[in-house]
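K.L.:
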Amino acid sequence: MTTFKKIADFDVARFMGGRSKLGKYFDGFWRDLFVGHNNAFPDEVMCGAFDWNGETIWTPCGYEHAFNTWSRIGQFVAHVKSDEAGQQETQYAYRCGDARGNNIIFGDNRILWCATSYKNVDVQSIYKAKESSTFDARHLTVTRDGSVVFTDGQMLNILARSDTGTAEFLTHKIPLDKGINWFKLLENDLDSDFSYIAVCTAKRTATALDEPNRITLISLKNNSVFNRVEVNGTQTFSRHPKKEEMVVLGQKLTVLSLPDLKTVNAIELPLMGKERNMNPAHSRVEHSPNGQYFALAYTAKGDVEIRDTHSLEIIQTFDGQGRLLTDMSWNSTGEYLACGFRDRNGREKIELIVWDMKSHKTVFRISTGNKKVDAFPTVVYRWSPLAAELACLVDNQRIQIFGLR
7 MTTFKKIADF
17 DVARFMGGRS
27 KLGKYFDGFW
37 RDLFVGHNNA
47 FPDEVMCGAF
57 DWNGETIWTP
67 CGYEHAFNTW
77 SRIGQFVAHV
87 KSDEAGQQET
97 QYAYRCGDAR
107 GNNIIFGDNR
117 ILWCATSYKN
127 VDVQSIYKAK
137 ESSTFDARHL
147 TVTRDGSVVF
157 TDGQMLNILA
167 RSDTGTAEFL
177 THKIPLDKGI
187 NWFKLLENDL
197 DSDFSYIAVC
207 TAKRTATALD
217 EPNRITLISL
227 KNNSVFNRVE
237 VNGTQTFSRH
247 PKKEEMVVLG
257 QKLTVLSLPD
267 LKTVNAIELP
277 LMGKERNMNP
287 AHSRVEHSPN
297 GQYFALAYTA
307 KGDVEIRDTH
317 SLEIIQTFDG
327 QGRLLTDMSW
337 NSTGEYLACG
347 FRDRNGREKI
357 ELIVWDMKSH
367 KTVFRISTGN
377 KKVDAFPTVV
387 YRWSPLAAEL
397 ACLVDNQRIQ
407 IFGLR
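In this note's numbering, the protein residues as written are 7 to 411.
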């Protein structure tokens, strides 16, 4: 039977910050003596994202505006620091990684930097919020061509690289509708000219299923609004990787064509009629890499349905864990689906489960031990783009890598 076994296990909290060797030594001594070797002090907890490309891992630093680079076997490679004077005392680096080529995006909820190499060669500030204001760094996203997308109040910001061949970023600001806005990238793997950002605008966090929500389609080619449509009770959506279509989970399960946003297919979901309000934070839909299926989760139990993209019929259902679904993603070949589940109060351990699409069985399960701290960490696991390997953030301070054996 297929199983995932541990390849590496290393502590990424011990190397946070640019303190002296003596200071790090005493930190480690006191932590081991009073807290325990496998537990971090509160200011060492890695309350942020991490990223990896299958070989290199990037982790944010809690002590300063910086990030660390590690090999996939846990060897410390480099500490890359920004040009910000002093240490950050209260803000963690929320994002790190999203590597495209040699470009690493990192920062907190006020300042963003781009490092053009994992060694401290060229680090530049690419965005800074106005005095005493912050932006939404938790949902910051980087496109395949290296553009940085995030929201700042009622504004969607797209930081795109200049066409002049320099390292300069140009900021494009797109006003959003009043309300609660969230977005998702709809990228075309073959032609970036047909890549979009879809923004959903709702009146409140828990969306009423009979309430119309506006979906705004923004072109990444010219960084402007392309089209709009209203869909009742929009929870989430996903782009088909092979067709110019997107599936929308709302009051109905709807397939829309891109970019004209016309309805191609729609079906009723039996459980949706029994629910008045749904929280988009716990609903997921993700297409498989080959585009034949999509995984869908929308029930309170966290059950995951595998549906055919053409007929929308259920092919397989995986039982949820009776807890809130926090994340869901396929590996690069579509053979495995990983899902993270959190307990009801949302502040305790996350359990990560991997299902095999061929055997329809659970092939991996781990309790990551990550407690929610100010809505972080935002990343608990990442698939390798190169192989069926999974990097997990455990206890908010360790990276463990698992692979097929």
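Here a beta-carbon is modelled for each residue, glycine too, at the ideal position from N, C-alpha and C. Here the structure is a predicted model, which is why all the values come from computation and not from measurement.
(1) So, under 8 Å CB-CB, Arg290 and Thr260 are touching, yes? Tell me the CB distance rounded to an integer number of Å.
(2) Does DSSP classify Phe300 as helix, strand or coil?
(3) How would you call Gly23, buried or exposed, if buried means at least 16 neighbouring beta carbons within 10 angstroms?
(4) Go ahead and pull the three-state DSSP assignment for Phe82.
(5) Kindly give me the distance between the Cβ atoms of Glu6 and Thr323, rounded to whole angstroms, as I take these residues to be in contact under 8 Å.
(6) Please report the residue range of the beta strand (DSSP E) in which Val369 lies.
(7) Determine the direct distance from the alpha carbon of Ala143 to that of Ala72, and round the result to whole angstroms.
(8) If I measure Cβ to Cβ from Lys190 and keep anything under 6 Å in the same chain, skipping five residues before and after, which residues do I get?
(9) Could you tell me which of Asn219, Pro295, Gln406, Leu223 sits nearest to Leu255, measuring between CA atoms?
(10) Do Tyr299 and Thr315 come within 8 Å of each other at the CB atom, strictly closer than that value?
(11) CB of Ile63 to nearest heavy atom of the ligand HEM: below 7 Å?
(12) What are the boundary residues of the beta strand (DSSP E) that Arg313 is part of?
(13) For a test of the three-state rule: what should DSSP assign to His288, helix, strand or coil?
(14) Just the Cα atoms here: how many angstroms apart are Asn402 and Leu358?
(15) For Leu146, which option in Phe156, Leu118, His85 has the closest C-alpha, if you only look at C-alpha atoms?
P.N.:
Inspection of the coordinates gives the following:
(1) Taking the first residue of the sequence shown as position 1, residue 290 is located at position 284. Taking the first residue of the sequence shown as position 1, residue 260 is located at position 254. Wrong, their Cβ atoms sit about 16 Å apart, outside the cutoff.
(2) Position 294 of the sequence shown, counting from 1, holds the residue named residue 300. In this structure, Phe300 counts as strand in the three-state DSSP scheme.
(3) Here residue 23 corresponds to residue number 17 of the sequence shown, with the count starting at 1. Its pLDDT being 45, under 50, Gly23 is placed unreliably by the model, and the measurement read from it follows with that caveat. That one is buried.
(4) To locate residue 82, count along the sequence shown from 1; it is residue 76. Looking at Phe82 - three-state DSSP - the assignment turns out to be strand.
(5) An answer regarding residue 6 cannot be provided, because it is not within the stretch 7 to 411 covered by the chain.
(6) Numbered from 1 along the sequence shown, position 363 holds the residue referred to as residue 369. DSSP places Val369 in the uninterrupted beta strand (DSSP E) bounded by 367-373.
(7) Working through the sequence shown from its first residue, we reach residue 72 at position 66. Working through the sequence shown from its first residue, we reach residue 143 at position 137. Distance from the CA of Ala72 to the CA of Ala143, rounded to the nearest whole angstrom, comes to 15 Å.
(8) As a first step, residue 190 must be located in the sequence shown, where it is residue number 184. Excluding residues within five positions, the ones whose Cβ falls inside 6 Å are Ala204.
(9) Taking the first residue of the sequence shown as position 1, residue 255 is located at position 249. Across the set Asn219, Pro295, Gln406, Leu223, the C-alpha of Asn219 shows the shortest separation from the C-alpha of Leu255.
(10) Against the sequence shown, residue 315 aligns to sequence position 309. Against the sequence shown, residue 299 aligns to sequence position 293. Closer than 8 Å, so yes.
(11) No copy of the ligand HEM occurs in the structure displayed, which carries no ligand at all.
(12) Along the sequence shown, one-based indexing puts residue 313 at 307. Counting along the chain, the beta strand (DSSP E) containing Arg313 begins and ends at 310-314.
(13) Position 282 of the sequence shown, counted from the first residue, corresponds to residue 288. His288: helix per DSSP, three-state reduction.
(14) For the purposes of this step, residue 402 is taken as the residue at position 396 of the sequence shown. For the purposes of this step, residue 358 is taken as the residue at position 352 of the sequence shown. Approximately 14 Å, taken between the alpha carbons.
(15) Working through the sequence shown from its first residue, we reach residue 146 at position 140. Comparing Cα positions, the closest option is Phe156.
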